[in-house]
Structures are given as C-alpha cells and as structure tokens.
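Q: So the sequences go chain by chain: A and B.
Counting with numbering that gives the first Met the number 0, you get residues 0 to 143 for the letters of the first sequence.
Counting with numbering that gives the first Met the number 0, you get residues 0 to 278 for the letters of the second sequence.
Don't be surprised by glycine CBs; every beta carbon is placed ideally from N, CA and C.
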Amino acid sequence: MTVNAQLIEHMMNPKNYGPMTESHSEGIGKNPQNGEKVIIYIKVEDDTISDISFQAIGCSTTVVAGSMLTEEANGLNFAEVSTLIDSTMKILEGVPTEDAVCTEMVALALKASIDTYDMRRDDSNYPAITYQVKDSCTPKEERV
Amino acid sequence: MKTLAIMTHEAWLTTLMAGFMSSGENKQRLFDFSDILFRHFTWIERELVKSGEKYDYDRDSIPIKVNKLSLLLNNIVQRLGQIDLQLIGSGHDLSARISSDIKYITSALIRLPDESITAFSVERRLDGIDLSEEATDALTLFLFEESYKEYELIMIYNYLKAHSEDAYINRIFQILIDESFFHLKSFGDMMAKMGILGVPRVIHKEMYQIDDIREFLLAGIDEELAAKEECRKLSEAVSANSPELAKFFDFINNQENYHIALMKDALLHYASINNGETK
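1. Around the C-beta of S115 of chain B, are 16 or more other C-beta atoms found within 10 angstroms, so that it is buried, or is it exposed?
2. Cβ of V132 of chain A within 8 Å of Cβ of M104 of chain A?
3. When the Cα of T129 of chain A is compared with those of A:Y16, A:I38, A:P13, A:N3, which residue comes out closest?
4. Return the residue from the list A:R119, A:A106, A:P126, A:I90 that minimises the CA-CA distance to E70 of chain A.
5. So, I128 of chain B versus L15 of chain B, is the Cβ gap smaller than 8 Å?
6. Just to make sure I have the definition right: I need the residues of chain A whose C-beta is within less than 9 Å of the C-beta of H182 of chain B. Which are they?
7. Look up K36 of chain A in the DSSP assignment and give the residues it is bridged to.
8. Does the stretch 73-88 of chain A come into contact with the stretch 32-48 of chain A, if we say contact requires no fewer than three beta-carbon pairs (one atom in each stretch) closer than 8 Å?
9. Would you kindly work out how many angstroms separate the C-alpha atoms of L170 of chain B and P112 of chain B, rounded to a whole number?
10. Between H203 of chain B and chain A, is the shortest Cβ-Cβ distance under 8 Å, so that the two count as touching?
11. Per DSSP, which one or two residues make a beta bridge with D264 of chain B?
12. Under 8 Å: do the stretch 233-253 of chain B and the stretch 132-146 of chain B share three or more Cβ pairs, one atom per stretch?
13. Evaluate I109 of chain B with the Cβ neighbour count: other Cβ atoms within 10 Å of its Cβ, from every protein chain shown; 16 or more gives buried, anything less gives exposed.
14. Looking at chain A, which residues of the stretch 130-141 of chain B have a Cβ within less than 7 Å of any of its Cβ atoms?
15. Can you check whether the C-beta of V132 of chain A is within less than 8 Å of a C-beta belonging to chain B?
16. By alpha-carbon positions, which one of B:E46, B:A107, B:R96, B:L86 ends up nearest to I75 of chain B?
17. Mark D92 of chain B as exposed unless 16 or more other C-beta atoms lie within 10 angstroms of its C-beta, in which case mark it buried.
18. Grab the span of the alpha helix (DSSP H) containing Q173 of chain B for me, first residue to last.
19. How many Å lie between F30 of chain B and D50 of chain A at the Cα?
20. In its own chain, which residues sit with a C-beta less than 6 Å from the C-beta of D249 of chain B, not counting the 5 before and 5 after it?
21. Using a Cβ-Cβ cut-off of 8 Å, state whether D188 of chain B counts as contacting chain A.
22. Where do the ends of the alpha helix (DSSP H) carrying Y158 of chain B lie?
23. Taking the alpha helix (DSSP H) that S96 of chain A belongs to, which residues open and close that run?
24. For chain A, check one thing: does any of its Cβ atoms lie closer than 8 Å to the Cβ of S282 of chain B?
25. Would you identify the three-state DSSP class for R142 of chain A, choosing helix, strand or coil?
26. Identify the continuous alpha helix (DSSP H) that holds Q208 of chain B and give its terminal residues.
27. Which of the three DSSP states is assigned to D50 of chain A in this structure?
28. Determine, using beta carbons only, whether M237 of chain B comes closer than 8 Å to chain A.
29. For A260 of chain B, is the classification buried or exposed, using 16 other Cβ atoms within 10 angstroms of its Cβ as the cut-off for buried?
30. According to DSSP, is I41 of chain A helix, strand or coil?
31. Short check: CB of I84 of chain A to CB of L109 of chain A, under 8 Å?
32. I need the straight-line Cα distance from L183 of chain B to R119 of chain A, nearest angstrom please.
33. Quick check: the Cα distance between S241 of chain B and E222 of chain B, rounded to an integer number of angstroms?
34. Report back the beta-carbon spacing between I101 of chain B and L79 of chain B to the nearest angstrom; my notes put them in contact at under 8 Å.
35. Report, in whole angstroms, the separation of the C-beta atoms of A17 of chain B and L36 of chain B, which I expect to be a contact under 8 Å.
36. Output the distance between the C-alpha atoms of S52 of chain A and D117 of chain A, rounded to the nearest integer angstrom.
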C-alpha cells in the first residue's frame with residue numbers, strides 16, 4: 000500500500016465508520032477464506048443514499064477502502080451507485096488479488112445493501128444480503 | 000446503567016488519547032486517570048452482567064484533534080460532569096466511588112499545565128531516528144493496524160472476563176488485558192510522536208460476543224503468530240537506521256510468545272473442563 004496524506008487521513012479518521020440505528024437496508028461483503036467482512040448500512044430517500052455508514056472486521060486497508068467508497072457513494076442515486084460499483088470492480092481487475100480483495104469486499108457490501116433495499120420493497124423483513132469475494136467479478140449470494 | 004457504561008468507555012478513551020498527546024509532566028497523570036476510568040468501566044459492566052441488562056461496546060466516534068491540550072482536557076471535564084449527573088441519587092456504593100473519583104480527577108484536570116499538541120502533524124518522524132521512506136511507511140501501517148488490534152484485544156478479553164466466573168481463566172484474561180494495555184500505550188505514544196494519532200475504531204459485536212471460545216483462542220494464536228511476523232519484518236525494516244527501534248520490536252515480538260503460551264494454557268483448561276477434570 001502506498002502511504003500518502005489522503006490514506007493517512009482515512010486511517011486516522013475513517014469516514015462514516017460505525018453502526019447505524021434505523022438503517023433502511025444493510026449489505027455484507029465477506030471473504031470466506033479468512034472470515035473478514037464489511038457491513039454497510041444505508042438510509043434511502045427517493046432511491047438516493049441519504050446516509051451511509053460501515054463497519055469492518057478486517058485490516059486497515061479494508062477500513063480505508065470503506066471510508067473512501069462510502070464517501071463517494073453518499074448522496075448518489077442507485078444508478079450512480081451501480082456505476083460506482085462497476086467502475087471500482089473494473090479498476091480491481093488489474094490489481095493483484097491479495098491487494099484487491101479488501102476493496103472488492105467493500106464494493107460487494109455496497110452492492111448488497113442496494114440489493115437488500117430492492118428486496119425489502121416487497122418484503123420488509125428480507126434479511127441483509129451477503130456477497131462473497133472471489134476472483135470472478137460475478138458475486139455469489141449467500142443467505143445467512 | 001448502559002448509558003453510563005458508554006459514557007465511561009468514551010471518557011476513558013478520550014483521557015487515554017490525551018495521555019498519548021501529552022509530552023510533558025501531564026502524561027503519567029493522564030494515563031493514571033485513564034486507568035481509573037477503565038476500572039470504572041469494568042465495574043459498571045459487571046453490574047450490567049449481574050442485572051442481566053443487555054449491552055455492547057458500541058459508542059460514538061471521539062473527536063480528539065486539538066492544537067492545545069487544554070481543549071481536550073475541557074472536553075474530558077465535560078464528559079465527567081455528564082457521568083456524575085447520571086450518578087446523582089443512585090445510592091449505590093459504586094456510584095459514590097465513581098462520583099468521588101470524578102470530583103478529584105476533574106479538580107486535577109483543570110489545574111494541569113497546557114501544552115501545544117503535535118500529535119496530528121502527520122510529520123511521521125521520530126525524534127533522533129532517521130528512517131528511510133520505506134521503513135517509515137512500514138512503521139505507519141504497523142502502528143495503525145496494531146494499535147487497533149490491541150484495543151480490540153483489551154475489549155474482547157474484558158468482555159470474556161466479565162462473563163466468566165472461572166478464576167483460572169480470568170487470571171489468564173487479565174494478564175492478556177494488561178499486556179495489551181502496555182502494547183497499546185507504546186504504539187499510541189509512538190503514533191502521537193509521529194503526528195498520526197487516531198482513536199481506535201468501534202469494535203463489531205461479533206468480535207467479542209463469542210459463542211465458541213475454543214475457536215476464538217485457536218484463531219487468536221494464529222493472529223499472535225501473524226503479529227510476531229509483522230514485528231520481525233518491521234524490526235528488519237528499521238534496523239539499518241535505528242538498532243534501538245529494531246530492539247523494541249524484537250522485545251514486543253518476544254512478548255507474544257508468552258501470550259501464545261497463555262492461550263494454549265486456556266485451551267487445555269477448557270479441554271480439561273470438558274473432560275470433567277478439575278484444575
């Protein structure tokens with residue numbers, strides 16, 4: 000990891016970190032190989048993320064990725080969030096797996112939070128969706 | 000009581016951070032006060048366990064970025080005042096004790112001499128040590144990772160201890176808590192000197208609300224081994240520029256051996272309980 004001022008700022012003061020009470024939806028990104036996971040909580044108004052937070056069971060890289068990606072996602076509508084997720088996954092294609100996996104986990108948690116929200120339009124008790132990281136960019140749903 | 004636990008948790012961490020930031024005579028007093036507040040936290044937690052009230056270690060984020068120590072000390076005084084308000088009229092011995100401590104700590108905090116704070120300068124230099132850029136980056140990443148890990152371990156072992164009546168296992172947990180406190184204080188001090196001090200993030204419940212302690216201990220041994228390797232690599236990275244710093248990380252590395260031995264001892268103890276033996 001290249002250590003620069005922006006990265007240090009995210010490590011010293013991770014943005015949007017912590018659980019959210021009364022979130023409208025939650026999504027989980029998980030690395031089944033080591034048990035690390037990211038949980039993203041969102042509040043939604045008119046299909047736009049009006050508030051977002053995350054928690055991570057993982058390393059500093061995951062926290063930095065969560066801090067950066069949630070900053071970018073806050074205030075975006077669902078179409079823009081999908082573009083953000085797709086472009087993040089695209090960037091990760093050229094990155095060695097061991098370096099990419101933490102960011103991928105965050106991106107998948109964000110995708111899961113949006114997908115959970117969609118499922119809750121019909122079923123308000125729909126559980127938080129979990130996606131697992133893997134080399135392929137097609138996420139596999141795991142029901143917990 | 001649950002609110003009191005959260006407020007005390009936050010006051011303890013804020014005071015500990017103030018201790019890291021201080022580079023003068025205030026440091027030890029702030030560490031002593033933070034230790035007292037941590038003990039308050041554990042006593043309040045014990046009351047919560049006894050009463051069966053559900054609780055967790057969630058808390059608000061704690062803003063600590065100040066350029067004068069007095070600003071943070073005023074913040075701590077306010078926090079302590081709010082805790083004291085919660086205690087009014089409770090009539091418990093514990094409340095009386097905490098209230099009495101708060102009155103003394105507050106009176107001492109407002110008299111501490113002020114200091115300019117450099118703990119957020121992001122200079123990433125240690126006095127008298129000229130590290131290469133690569134070694135500085137390695138040290139920076141290590142300190143962020145491991146300072147959080149030590150806080151996490153303190154809280155996990157503290158939670159397990161609060162929920163255990165087993166004296167043998169609680170002795171082991173207490174040693175591991177004390178050891179993690181030493182490591183956290185060492186790393187926090189170093190972060191403040193380098194201008195990269197940050198409050199450890201909130202721990203997810205899954206980390207301490209553990210169903211299978213055996214599995215947790217086995218994973219913990221693996222984590223200790225990984226931490227040893229990180230210490231070894233860091234010692235190697237800084238040895239060319241600072242044999243003194245390299246020795247410090249070798250010292251931390253060697254301390255992990257005993258942690259592993261204690262965790263193996265705990266595993267044997269749980270196995271003997273499961274086999275119906277007594278220790």
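A: Inspection of the coordinates gives the following:
1. S115 of chain B should be labelled exposed.
2. Taking 8 Å as the Cβ cut-off, V132 of chain A and M104 of chain A qualify as a contacting pair.
3. When each option's Cα is compared against that of T129 of chain A, the closest is A:I38.
4. Ranking A:R119, A:A106, A:P126, A:I90 by Cα distance to E70 of chain A puts A:A106 first.
5. 8 Å or more divides the Cβ of I128 of chain B from the Cβ of L15 of chain B.
6. Ordered by position in chain A, no residue passes the 9 Å Cβ test against H182 of chain B, which lies about 16 Å from the chain.
7. Answer is A:K29, A:I56.
8. Enough Cβ pairs lie closer than 8 Å, so yes.
9. Here residue 170 of chain B turns out to be Arg, not Leu, going by the sequence shown. Rounded to whole angstroms, R170 of chain B to P112 of chain B spans 38 Å at the Cα level.
10. Interface annotation, H203 of chain B: in contact with chain A, CB-CB separation under 8 Å.
11. Its beta-bridge partners do not exist; DSSP assigns none.
12. Yes: the two stretches touch, three or more of their Cβ pairs being nearer than 8 Å.
13. With fewer than 16 Cβ atoms within 10 Å of its Cβ, I109 of chain B is classed as exposed.
14. Listed by position along the chain: D136, T139, L140.
15. No, no contact with chain B.
16. Comparing alpha carbon positions, the residue from B:E46, B:A107, B:R96, B:L86 closest to I75 of chain B is B:A107.
17. By the Cβ-count criterion, D92 of chain B is exposed, with fewer than 16 other Cβ atoms from all chains shown falling within 10 Å of its own Cβ.
18. Following the DSSP letters along the chain, one finds Q173 of chain B inside the alpha helix (DSSP H) bounded by residues 166-193.
19. Taking the CA atoms as reference points, F30 of chain B sits about 37 Å from D50 of chain A.
20. Taken in chain order, the residues that qualify are S234.
21. Not one beta carbon of chain A lies nearer than 8 Å to the beta carbon of D188 of chain B.
22. Segment 132-161, the alpha helix (DSSP H) holding Y158 of chain B.
23. At residue 96 of chain A the sequence reads Thr, which differs from the Ser that was named. Note, T96 of chain A: alpha helix (DSSP H), 96-119.
24. One cannot answer for residue 282 of chain B here, as it falls past the ends of chain B, which runs 0 to 278.
25. Confidence in R142 of chain A is poor, its pLDDT being 49 and thus under 50, which makes the residue's placement unreliable; the coordinate value appears in the next sentence. Correct three-state label for R142 of chain A: coil.
26. Careful: Q208 of chain B lies outside any alpha helix (DSSP H) and carries neither H nor E.
27. In the three-state DSSP reduction, D50 of chain A falls in the strand class (E or B).
28. The sequence given here places Val at residue 237 of chain B; Met does not occur at that position. By the rule that beta-carbons nearer than 8 Å mark a contact, V237 of chain B does not touch chain A.
29. It is exposed - the Cβ of A260 of chain B has fewer than 16 other Cβ atoms within 10 Å.
30. I41 of chain A: strand per DSSP, three-state reduction.
31. In contact: I84 of chain A and L109 of chain A (Cβ atoms closer than 8 Å).
32. Approximately 42 Å, taken between the alpha carbons.
33. So the alpha carbons of these two residues sit roughly 27 Å apart.
34. Contact holds; Cβ gap of about 5 Å.
35. Not a contact, Cβ separation roughly 11 Å.
36. Rounded to whole angstroms, S52 of chain A to D117 of chain A spans 18 Å at the Cα level.
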